[in-house]
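S.K.: This structure is in structure tokens; I'll ask about it shortly.
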Amino acid sequence: MFVNKKVPIRFYSLFIIFLIPAYSYSQYPEETEDWSVKPVVVTPGEKYGSPSDAIVLFDGSDFSKWSGRDGEVQWKIKGKAMEVVKGTGNIKTVQPFGNAQLHIEWKTPRKIEDEGQGRGNSGVYLLGLYEVQVLDSWENKTYYNGQAGSIYKQYSPLVNACRKPGKWQTYDIIFRAPEFNADKTLKDPGYITVIHNGLLIQNHVELKGPTVYQGYPEYSYHESKLPLLLQDHGNPIQYRNIWIREL
């Protein structure tokens with residue numbers, strides 16, 4: 005730039021300061037519009053329904069998407085819900101899943117027969133390894149990282165959003181599976197977000213490893229996609245309207 009020695013340097017400084025914003029505002033707004041990837045149209049489900057791109061895992065009719073401890077599922081169907089039958093074992097999906105959005109509705113027995121961890125206990129296990137606790141936590145004293153909505157023995161829920169016994173409840177879960185290196189060491193941990201009855205209770209928390217009852221969790225190599233598991237903990241918990249979207 006040519007500088008006239010008779011003009012104070014201060015003038016040129018002000019000129020440059022005002023020039024930069026002018027240059028910025030001279031850009032076309034279209035330059036920051038993203039037209040690269042058009043979002044897929046997904047029709048939201050009606051009340052109690054699933055979105056158009058979801059895989060429906062249970063619609064109240066049969067266990068065709070599930071397998072039991074010895075192959076066939078021994079739980080029972082009551083109305084449009086599945087119910088845990090004590091002693092028959094956990095059930096898992098036939099199809100494996102990894103990163104996913106899961107919707108599941110559950111209900112604990114109306115009649116209260118126990119307390120603490122013995123009251124309406126079950127669990128939703130992502131990859132069959134990482135548990136979101138199901139429990140009747142309505143006026144039920146237990147350790148906080150074991151109540152409904154906890155990432156069992158890892159994170160307590162932000163709030164207790166549990167409804168009264170016998171009322172249907174919802175979990176909406178966003179899960180990102182852990183990743184492993186070629187040598188089977190951990191590359192990135194898993195993360196999970198949980199919304200319980202419309203309230204955020206786990207906000208993208210980092211999983212410390214697969215769920216353990218005793219001791220502390222730690223990672224060991226596993227596949228990136230594994231079946232979803234529902235737990236038989238001896239209580240007649242009911243589940244309905246289960247669907248999943250792969251992410």
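Residue numbers (our numbering): 5 to 251. Note that the Cβ used here is the ideal one computed from N, Cα and C, for glycine as well. Source: prediction; values computed, not measured.
Here's a check: name, in chain order, each residue in its chain whose Cβ is nearer than 8 Å to the Cβ of I205, leaving out the five neighbours to either side.
M.R.: On the sequence shown, residue 205 is found 201 positions in, with the first residue counted as 1. The residues are G153, P161, L162, V163, A165, V198, I199.
S.K.: Mind reading off the beta-carbon distance from G124 to P113? Whole number of angstroms is fine, and I expect it under 8 Å.
M.R.: Here residue 124 is taken as the residue at index 120 of the sequence shown, counted from 1. Here residue 113 is taken as the residue at index 109 of the sequence shown, counted from 1. About 6 Å separates the two Cβ atoms, so the contact holds.
S.K.: Do you know whose CA, among P100, K84, D66, lies nearest V77's CA?
M.R.: If you number the sequence shown from 1, residue 77 lands on position 73. V77 has its Cα closest to that of D66, out of P100, K84, D66.
S.K.: Do K96 and W70 have their C-beta atoms within less than 9 Å of each other?
M.R.: Working through the sequence shown from its first residue, we reach residue 96 at position 92. Working through the sequence shown from its first residue, we reach residue 70 at position 66. Taking 9 Å as the Cβ cut-off, K96 and W70 qualify as a contacting pair.
S.K.: Measure the CB-CB distance between S228 and P214 and report whether it falls below 9 Å.
M.R.: Working through the sequence shown from its first residue, we reach residue 228 at position 224. Working through the sequence shown from its first residue, we reach residue 214 at position 210. No, Cβ-Cβ distance for S228 and P214 is not below 9 Å.
S.K.: Give the range of the beta strand (DSSP E) segment to which W110 is assigned.
M.R.: As a first step, residue 110 must be located in the sequence shown, where it is residue number 106. It spans 104-111 - the beta strand (DSSP E) in which W110 sits, taken as one unbroken run.
S.K.: On the criterion of 16 or more Cβ atoms from any shown chain inside 10 Å, does Y243 qualify as buried, or is it exposed?
M.R.: Stepping through the sequence shown from its first residue, residue 243 is reached at position 239. Answer is buried; the Cβ neighbour count reaches 16.
S.K.: Just the Cα atoms here: how many angstroms apart are E109 and I246?
M.R.: On the sequence shown, residue 109 is found 105 positions in, with the first residue counted as 1. On the sequence shown, residue 246 is found 242 positions in, with the first residue counted as 1. When rounded, the distance between both Cα atoms is 7 Å.
S.K.: Starting from the C-beta of S54, find all residues in its chain whose C-beta is less than 6 Å away, skip the five residues before and the five after it, and write them out in chain order.
M.R.: For this step, residue 54 is matched to residue 50 along the sequence shown. If we look at S54 and ignore the five residues flanking it on each side, its Cβ neighbours are V60, W247.
S.K.: What does DSSP give as the partner residues of T197 in its beta bridges?
M.R.: Position 193 of the sequence shown, counted from the start, is the residue given in the question as residue 197. BP columns for T197 point to I178.
S.K.: How would you call Q31, buried or exposed, if buried means at least 16 neighbouring beta carbons within 10 angstroms?
M.R.: Position 27 of the sequence shown, counted from the start, is the residue given in the question as residue 31. Q31 should be labelled exposed.
S.K.: Mind checking which residues open and close the beta strand (DSSP E) that includes Q242?
M.R.: Mapped onto the sequence shown, residue 242 falls at position 238. Taken as a continuous stretch (DSSP letters only), the beta strand (DSSP E) holding Q242 covers 242-250.
S.K.: Please report the straight-line C-alpha distance between I155 and K42, rounded to a whole angstrom.
M.R.: As a position in the sequence shown, residue 155 is number 151, starting the count at 1. As a position in the sequence shown, residue 42 is number 38, starting the count at 1. About 35 Å.
S.K.: Taking only the alpha-carbon atoms, compute the straight-line gap between L232 and A104 and give it to the nearest angstrom.
M.R.: Taking the first residue of the sequence shown as position 1, residue 232 is located at position 228. Taking the first residue of the sequence shown as position 1, residue 104 is located at position 100. Going by the C-alpha atoms only, they are around 11 Å apart.
S.K.: Could you name each continuous beta strand (DSSP E) segment of 3 residues or more that falls completely within the region 120-146, going from the start of the chain to the end?
M.R.: Fully enclosed beta strand (DSSP E) runs of 3 or longer: 126-130, 134-138.
S.K.: Please say whether N201 and R167 have beta carbons closer to each other than 9 Å?
M.R.: Counting from 1 along the sequence shown, the entry for residue 167 is found at position 163. Counting from 1 along the sequence shown, the entry for residue 201 is found at position 197. Against a cut-off of 9 Å, the Cβ pair of N201 and R167 comes out as a contact.
S.K.: Buried or exposed for T189, going by 16 or more other Cβ atoms inside 10 Å?
M.R.: Along the sequence shown, one-based indexing puts residue 189 at 185. Exposed: under 16 other Cβ atoms inside 10 Å.
S.K.: With DSSP run on the structure shown, which of helix, strand or coil describes Y27?
M.R.: Counted from its first residue, the sequence shown places residue 27 at position 23. For Y27, the predicted structure reports a pLDDT of 46, less than 50, and the residue's modelled location is therefore unreliable. The matter cannot be settled from this model.
S.K.: For N207, does the three-state DSSP call read helix, strand or coil?
M.R.: As a first step, residue 207 is located in the sequence shown; it is residue number 203 there, counting from the start. Strand at N207.
S.K.: I need the straight-line Cα distance from G170 to F184, nearest angstrom please.
M.R.: As a position in the sequence shown, residue 170 is number 166, starting the count at 1. As a position in the sequence shown, residue 184 is number 180, starting the count at 1. If you take the alpha carbons of G170 and F184, they lie about 41 Å apart.
S.K.: Measure the C-alpha to C-alpha separation of G194 and W142 and round it to an integer number of angstroms.
M.R.: As a first step, residue 194 is located in the sequence shown; it is residue number 190 there, counting from the start. As a first step, residue 142 is located in the sequence shown; it is residue number 138 there, counting from the start. In a straight line, the C-alpha of G194 is about 29 Å away from that of W142.
S.K.: Output needed for A85: all residues of its chain with C-beta closer than 6 Å, excluding positions within five of it in sequence on either side, in chain order.
M.R.: Position 81 of the sequence shown, counted from the start, is the residue given in the question as residue 85. Same-chain partners within the cutoff: Q242, R244.
S.K.: Between which residues of its own chain and G120 is the CB-CB distance below 8 Å, once the five residues before and five after are set aside?
M.R.: Residue mapping note: residue 120 aligns to position 116 of the sequence shown, counting from 1. Answer for G120: N144, K145, T146, listed in chain order.
S.K.: Is it right to say L251 is buried, meaning 16 or more other beta carbons lie within 10 angstroms of its own, or is it exposed?
M.R.: As a position in the sequence shown, residue 251 is number 247, starting the count at 1. Exposed, by the Cβ-count rule.
S.K.: Please return the same chain residues whose Cβ sits closer than 6 Å to the Cβ of G238, not counting the five positions on each side in sequence.
M.R.: Residue numbering aside, residue 238 sits at position 234 when the sequence shown is read from its first letter. These residues qualify, in order along the chain: K90.
S.K.: Do you know offhand how far Y217's Cα is from N207's?
M.R.: As a first step, residue 217 is located in the sequence shown; it is residue number 213 there, counting from the start. As a first step, residue 207 is located in the sequence shown; it is residue number 203 there, counting from the start. So the alpha carbons of these two residues sit roughly 23 Å apart.
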